[in-house]
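If you count the sequence shown from 1, position 26 lands on 92 in the numbering used here, and the numbers rise without skipping. We treat Cβ as the ideally placed atom computed from N, Cα and C, and that holds for glycine. Remarks on the structure that follows.
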Amino acid sequence: MNTGLPDGWTIERVRSASGDPEAALLSLERLVVVEVHGLADYVLLQPAVILSFHDLCLVRADDDWFMGQLDDDGSVICWASYGSDLDEAIRGL
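Right, here's the structure in full:
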């Protein structure tokens with residue numbers, strides 16, 4: 067299975083780095099948006115990977131990792147880019 071994770075990363079490594087033994091890859095079949103300061107509407111993201119850490123998510127889109135929250139309807143609303151390095155984005159959790 068192609069997880070879309072960066073080279074050298076597995077879900078087990080994500081769990082270890084995050085300290086969350088329940089971290090999981092989520093289906094890409096959901097609405098993913100990012101709030102952009104100064105814009106009234108959300109910006110649609112095309113995710114390559116969605117990692118779930120309970121209610122928080124990291125979404126990889128356009129080679130950046132976005133922090134967001136999983137909504138009750140399954141959509142993800144992101145509020146910031148944490149850069150292109152997954153390890154650094156995980157530390158931002």
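Within the DSSP secondary-structure output, Q135 pairs in a beta bridge with L122, I143.
Take the alpha-carbon of W131 and the one of I116: they are about 9 Å apart. Shown here, L110 sits in a strand according to DSSP, grouped into three states. Spanning the alpha carbons of T76 and G158 requires a straight line of approximately 19 Å.
For V99, the uninterrupted beta strand (DSSP E) segment begins and ends at 98–100. With contacts defined by Cβ atoms closer than 8 Å, V125 and L111 form a contacting pair. Counting the other CB atoms within 10 Å of its CB gives V98 a total of 16 or more, which places it among the buried residues.
A check of alpha carbon separations from V100 across Q135, D153, L152 identifies Q135 as the nearest.
Following the DSSP letters along the chain, one finds L152 inside the alpha helix (DSSP H) bounded by residues 152–157.
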